[in-house]
Amino acid sequence: MYTEPVSCPLPQMTAAAPADLHHDPSRTSLPVVGAIPPPPATIFLSCDSNFGYDSMELVVVDNDEEENDIIHSSVDVSGPIYGSKDDIDDPCNVIFTCREPIHVVEHNRLDITMLSNKIDSFLLKGDEDGSIEDMKKIPIYIYSELKKTTKKTPSLSKFPLFLKKHTSMGGYNKTMAPVLVMVSLLIICGVSADLVRFEQTTKGDGTLRFLVVGDWGRRGEYNQSQVASQMGRIGEEMDIDFVVSTGDNFYDNGLKDVEDPNFVDSFTNVYTPKSLQKQWFSVLGNHDYRGNAEAQLSPLLRKIDCRWLCLRSFIVNAEVAELLFVDTSPFVEDYFTNPGDHVYDWRGVYPPKTYTSHLLKDLELALKNSKATWKIVVGHHAIRSVSHHGDTQELVDRLLPILEANEVDLYVNGHDHCLQRISDTKSPIQFLTSGAGSKAWRGDVNTTNEQGLEFFYDGQGFMSVELSPSDVAVVFYDVFGAILHRWTMFKSVLHSIV
Numbered sequence: 001m002y003t004e005p006v007s008c009p010l011p012q013m014t015a016a017a018p019a020d021l022h023h024d025p026s027r028t029s030l031p032v033v034g035a036i037p038p039p040p041a042t043i044f045l046s047c048d049s050n051f052g053y054d055s056m057e058l059v060v061v062d063n064d065e066e067e068n069d070i071i072h073s074s075v076d077v078s079g080p081i082y083g084s085k086d087d088i089d090d091p092c093n094v095i096f097t098c099r100e101p102i103h104v105v106e107h108n109r110l111d112i113t114m115l116s117n118k119i120d121s122f123l124l125k126g127d128e129d130g131s132i133e134d135m136k137k138i139p140i141y142i143y144s145e146l147k148k149t150t151k152k153t154p155s156l157s158k159f160p161l162f163l164k165k166h167t168s169m170g171g172y173n174k175t176m177a178p179v180l181v182m183v184s185l186l187i188i189c190g191v192s193a194d195l196v197r198f199e200q201t202t203k204g205d206g207t208l209r210f211l212v213v214g215d216w217g218r219r220g221e222y223n224q225s226q227v228a229s230q231m232g233r234i235g236e237e238m239d240i241d242f243v244v245s246t247g248d249n250f251y252d253n254g255l256k257d258v259e260d261p262n263f264v265d266s267f268t269n270v271y272t273p274k275s276l277q278k279q280w281f282s283v284l285g286n287h288d289y290r291g292n293a294e295a296q297l298s299p300l301l302r303k304i305d306c307r308w309l310c311l312r313s314f315i316v317n318a319e320v321a322e323l324l325f326v327d328t329s330p331f332v333e334d335y336f337t338n339p340g341d342h343v344y345d346w347r348g349v350y351p352p353k354t355y356t357s358h359l360l361k362d363l364e365l366a367l368k369n370s371k372a373t374w375k376i377v378v379g380h381h382a383i384r385s386v387s388h389h390g391d392t393q394e395l396v397d398r399l400l401p402i403l404e405a406n407e408v409d410l411y412v413n414g415h416d417h418c419l420q421r422i423s424d425t426k427s428p429i430q431f432l433t434s435g436a437g438s439k440a441w442r443g444d445v446n447t448t449n450e451q452g453l454e455f456f457y458d459g460q461g462f463m464s465v466e467l468s469p470s471d472v473a474v475v476f477y478d479v480f481g482a483i484l485h486r487w488t489m490f491k492s493v494l495h496s497i498v
């Protein structure tokens, strides 16, 4: 039976911003990639400090004075920024005013896809004084057939970014090559960390309780509905604060767009128990990247179900604990070098080496500065696993050393359709897999990779976590809600074992 979701306002964001991410769908909608002629130019704005959730204006200007060149009929904004076309007199100037928080999904970077091949310039204005000061020379990087050229422009008071016609690109009136503009901006804001942060209120008794489920979105099939029912029962008994999703949220190929019925069929209409009408914090999995990845990141989905919050990477401050959500799919080289028949939506990610390097730097800084009693990192892919996919070597090589060096307590993941707990041999880290939200029972276990293995279950189920300032309790449940494995540990003892 369907239960109407209760009111679930967005957790408070550390940066000053409007109260929610709700968006009027009448303003604009996400374009369907593949239906856009010509190929869009993607412009990245990179800043020196996080301007996070600030209200901004994006002004797109066409300097070509041809009579029929009407930009506002062909320009739109997609991805992290959502704006509306204001009533203006000059049809060659289009102003997009972001009345909601700007949705930064990638370490301080706004990803703007311009759906026009005739853009000459644009500028980004702050909401307070309409300009950004202290601008220096702006480097413009133009990518054409993987060859980069650099052009310097003079200092400008309101930093218009001139995308001049470039001979190596064959002109903008032809098929447009991607344009990457890196702009150094100095914007004063309320936070210094690059990852978007949310303040999750708890019950105030010093404890934190939440459920973890992954690899679930199958319209209730493969026992997804049964797992959801037992999550509801356990969630009520525990009086949970929120739910964590470890990715692969919608099978087989993510969402097509923000209006894809799979969102309601696999999420809203499945996780109906009252105790699950709490905030859901989600990351993207590799299957999510096979669809329109940005659709899952869109605040438009919160108009459909206010529980939903999915970003590429972000932080949740929850009093006794800090949860750091990491976008792990771009680390896996095989998705780029050997995609097979799969088509991945890498908008906002490419080039992956640069993207992941920036992400690791942001994560390392956030962990070093964290004052939380418990540090928990959440990603889709396993660092350690004895199941079907095994260890993710890229994460073992690049992510694990950062976690070990910064006293992370738990690494939580999905990807493998099972439940498992593995103890790190070099640190107190517990590797916890909860990827059994629907289809499971693969029946393959890597017996040569069992070092540190404490528990493994190949069937459907989910996991609960309860934290206090002094101890942690992790419990794994099967599809019937029966306890399969319980692990409890005092914080002081955990960090004295290794």
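The sequence shown begins at 1 in the UniProt record's numbering and counts up one residue at a time. Just so it is clear, CB atoms sit at the ideal spot from N, CA and C, and this is done for glycine as well.
> So LEU211 packs on MET231, CB below 8 Å; how close in whole Å?
Replying inline: 6 Å
> Should GLN393 be labelled buried (16 or more other beta-carbon atoms within 10 Å of its own) or exposed?
Replying inline: exposed
> Taking the DSSP output, what are the residues bridged to GLU294?
Replying inline: In DSSP, GLU294 forms no bridge with anything.
> DSSP beta-bridge partners for LYS371?
Replying inline: Per DSSP, none; premise fails for LYS371.
> On the three-pair Cβ rule with 8 Å, is the region 445 to 458 touching the region 385 to 401?
Replying inline: yes
>> Across the region 299 to 309 and the region 343 to 353, are there enough close Cβ pairs to call them in contact, namely three or more that are closer than 8 Å?
In response: no
> How is ARG442 classed by DSSP in three states: helix, strand or coil?
Replying inline: coil
>> In whole angstroms, give me the CA-to-CA distance for TYR477 and TYR457.
In response: 10 Å
> Do you know how far the Cα of VAL412 is from the Cα of HIS495?
Replying inline: 18 Å
>> Give me, in chain order, the residues of the same chain whose beta-carbon lies closer than 6 Å to that of TYR222; leave out the 5 immediate sequence neighbours on both sides.
In response: SER438, LYS439
>> Assuming ASP334 is part of the alpha helix (DSSP H), what are its boundary residues?
In response: 334 to 337
> THR433 to GLY414, Cα distance in whole Å?
Replying inline: 5 Å
> Between the region 315 to 323 and the region 334 to 344, do at least 3 Cβ pairs fall closer than 8 Å?
Replying inline: no
> Which residues in the same chain as ASP252 place their Cβ atom closer than 7 Å to its Cβ, once the five residues preceding and following it in sequence are excluded?
Replying inline: HIS287
> The beta strand (DSSP E) spanning GLN430 covers which residue range?
Replying inline: 430 to 434
> Since TYR457 sits in a beta bridge, which residues does DSSP pair it with?
Replying inline: LEU419
>> Rounding to the nearest angstrom, what Cα-Cα distance links LEU453 and SER423 in this structure?
In response: 6 Å
> Nearest to GLN277 by alpha carbon, out of GLY214, PRO469, TYR289, ILE240?
Replying inline: ILE240
>> Alpha carbons only, please: which of ILE497, ARG219, ASP416 is nearest the one belonging to ASP444?
In response: ASP416
> Are the beta-carbon atoms belonging to ILE402 and GLU364 less than 8 Å from one another?
Replying inline: yes
>> Runs of 4 residues minimum, wholly inside the region 306 to 393: which ones carry the alpha helix (DSSP H) assignment?
In response: 334 to 337, 352 to 369
> Can you check whether the CB of GLN200 is closer than 8 Å to the CB of ASN317?
Replying inline: yes
> Who are the Cβ neighbours of ASP471 in its own chain at under 7 Å, not counting the five residues just before and after it?
Replying inline: THR488, MET489, PHE490, LYS491
> Ends of the beta strand (DSSP E) at VAL474?
Replying inline: 471 to 478
> Any idea which residues DSSP pairs residue 499 with across the strands?
Replying inline: Residue 499 is absent from the model: the chain starts at 1 and stops at 498.
> In whole angstroms, what is the alpha-carbon distance linking ASP205 and VAL196?
Replying inline: 26 Å
> VAL475 to ILE234, Cα distance in whole Å?
Replying inline: 11 Å
> CA-CA distance, PHE431 and LYS303?
Replying inline: 34 Å
> Along the chain, where does the alpha helix (DSSP H) that runs through GLN226 open and close?
Replying inline: 224 to 238
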